[in-house]
Amino acid sequence: MAILPIDGGRYGTKQMKEIFDDQKKIEYQLEIEAAVAQLQSEIGIIPKKAAQNISSMARSGKITVNRVKKLEVKSDHDTAALVEALSEICRPSAKPWIHYGLTSNDLVDTSNSLQIRDAIRIIEPKVAKLALILSRLAIKYKEVPAVGRTHGQHASIISFGLKFANWALEMSKHVERIEEFKKRVMICKTLGVVGTGSLMGSKALEVQRRVAKKLSLFPADVTTQIVPRERYAEYVFSTALIGATLEKIAIEIRNLQRTEIAEVSEPFRKGQMGSSAVPVKRNPVKSERVTSLSKLLRSQISVAFENIPLWHERDLSNSANERFTLPTSSILLDEMLETMTRILNELHVNEDRISQNLEITRGQIFAEFVLDELIKKGVPRFEAYKDIQRIAFASSEDGTDFRDAVKNDLAISSHLSEEEIEKIFIPENHLGASSQIIKNVHNIVMRSCSKFF
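Just remember that our numbering sits 1 ahead of the position in the sequence shown, which is counted from 1.
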């Protein structure tokens, strides 16, 4: 019986959820047992024939989650149950060397790292893909003047493509962050009960180095019984940070899809219903889903940070909740990336409405540029500012066009000709360095993200 939407198939891709499946977790841990035994034998810690048998049986597919759970009922210890299940199918001569020099968290933490490794292999290309989609949209709309809003108010002219460029660059920075944190969070630990490698002695670090290399992980430099939980906190924080960028995009799409703005709209497929009661509605439900899941994703951060301070060389106060935080963070982010990619791939941009919205303030959005022209004519800034404010507030009250009010006010017209004033009120004249900024961002994104495809 599915209880959580993740389990019920509502959220998360099959590919990502398989990484955190119970049977897959066992397979990860058995692969660690196999690798450790094999590499211990290579440097003379355990007999080669024993290692061959342990490795062969660990990779045989004969050990099932049902068998491990049955043994766990007796032992009340999941790792001990897995080791016992492996011992059941190994030769008598190999049994003494199973799990040699290891402790439970050598398997638990290293298998966590394997899950994170494989989750990153899914997440990173999706982040890169989204950066490329956003970059292409930035290029497409770089010459489209639009309303730039601050505090929810019309502020000045913006290139509509600049919105996408801002998001594209942040997604490419997330790719950089992922590359940087891999060496900190994908950690292999095989140093035993309190992190000394006591039973393997001077050869312990070499075993760990070789196992890490075989598993495409990074060897721990120092641990207690466990990998420091700062590493997992960084991973969870990083997933939430990417999620926050996705939420930022989603909120802008939701706002721009408001009826009174209507500059963009989410894809709306044939047969889709926006409301059970109002047939005409096209609600931004996908963007709202991203916003909703981002809140849940961020909540995992506090739990991950609470796990950093543990007693002495370890306790179990982190263990149960990590069975939630690591899968939940990975699966939610994967779902959000999938959703946002679908939104942006089919996003409808209404250029006519973008142009119409520039006229809502009847020219007042050009006030910045009137001020600039007066300053260039030698008018003191605050004198010009007060005149423009006076004219704007008066034209708002009596419903006149700001451009006409500027032309008819002697404080302005005595400095600017009608031709100069007309030039100010052309939106395309005020995109500034937008085109070059967008091209620069596109080049950055291409360098950092195109390698994935």
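Built from N, CA and C at the ideal position, the CB exists for glycine as well.
Integer Cβ distance of residue i from residue j, believed to fall under 8 Å
i, j, result
"L83", "Q16", "Not quite, the Cβ-Cβ distance comes to about 24 Å (not below 8 Å), so this is no contact."
"E85", "D79", "With a Cβ gap of about 11 Å, E85 and D79 do not count as contacting."
"T104", "V237", "At roughly 24 Å, the Cβ-Cβ gap does not stay under 8 Å, so T104 and V237 are not in contact."
"L327", "N319", "Actually they do not touch by this definition, with Cβ atoms about 11 Å apart."
"D402", "G364", "6 Å"
"V350", "Y12", "Their Cβ separation, rounded to whole angstroms, is 28 Å, which puts V350 and Y12 out of contact at 8 Å."
"Y35", "A59", "Rather than Tyr, the amino acid found at residue 35 in this sequence is Ala. Indeed they touch by this definition, with Cβ atoms about 4 Å apart."
"E267", "I344", "6 Å"
"M201", "G45", "Actually they do not touch by this definition, with Cβ atoms about 11 Å apart."
"V208", "T191", "6 Å"
"R122", "L218", "Not confirmed; about 13 Å, so no contact."
"V186", "V128", "No, V186 and V128 are not in contact; Cβ-Cβ is about 16 Å, not under 8 Å."
"A38", "I47", "7 Å"
"K25", "E19", "6 Å"
"M341", "L294", "Not a contact, Cβ separation roughly 11 Å."
"C189", "L216", "6 Å"
"A234", "F325", "Not confirmed; about 14 Å, so no contact."
"I140", "I439", "6 Å"
For residue i, the three-state DSSP class (helix, strand or coil)
i, result
"Q365", "helix"
"I64", "coil"
"S160", "strand"
"R150", "strand"
"H416", "coil"
"H155", "strand"
"F182", "helix"
"C91", "coil"
"M447", "helix"
"V84", "helix"
"W168", "helix"
"E484", "With the chain covering only 2 through 454, there is no way to say anything about residue 484."
"H78", "coil"
"D8", "helix"
"W98", "helix"
"D402", "coil"
"E360", "coil"
"Q437", "helix"
"N319", "coil"
"K143", "coil"
"L31", "helix"
"N430", "helix"
Opposing strand residues paired with residue i [DSSP bridges]
i, result
"F383", "F383 is not bridged to any residue."
"V350", "V265"
"C189", "P220"
Cβ-based burial, residue i [other Cβ within 10 Å; buried from 16]
i, result
"G198", "buried"
"T111", "buried"
"N358", "buried"
"N487", "Here the chain comprises residues numbered 2 to 454, so residue 487 is not present and cannot be evaluated."
"H152", "exposed"
"Q258", "buried"
"N67", "exposed"
"Q41", "buried"
"Q437", "exposed"
"E171", "buried"
"F367", "buried"
"D222", "exposed"
"G379", "exposed"
"E248", "buried"
"S76", "exposed"
"N54", "buried"
"N113", "buried"
"T65", "exposed"
"F454", "exposed"
"G244", "buried"
"G400", "exposed"
"D335", "buried"
"H100", "buried"
"K50", "exposed"
"K71", "exposed"
"P285", "buried"
"F165", "buried"
"F161", "buried"
Contact the segment 409-428 vs the segment 123-136: 3+ CB pairs below 8 Å: no
Stretch pair the segment 402-418 + the segment 375-385: three plus CB contacts closer than 8 Å: yes
Touch test, the segment 379-397 against the segment 442-449, Cβ-Cβ under 8 Å, three pairs minimum: no
Cβ contact (3+ pairs, closer than 8 Å) linking the segment 289-308 and the segment 211-219: no
Validate contact between the segment 147-165 and the segment 176-191 using beta carbons, cut 8 Å, 3 pairs: no
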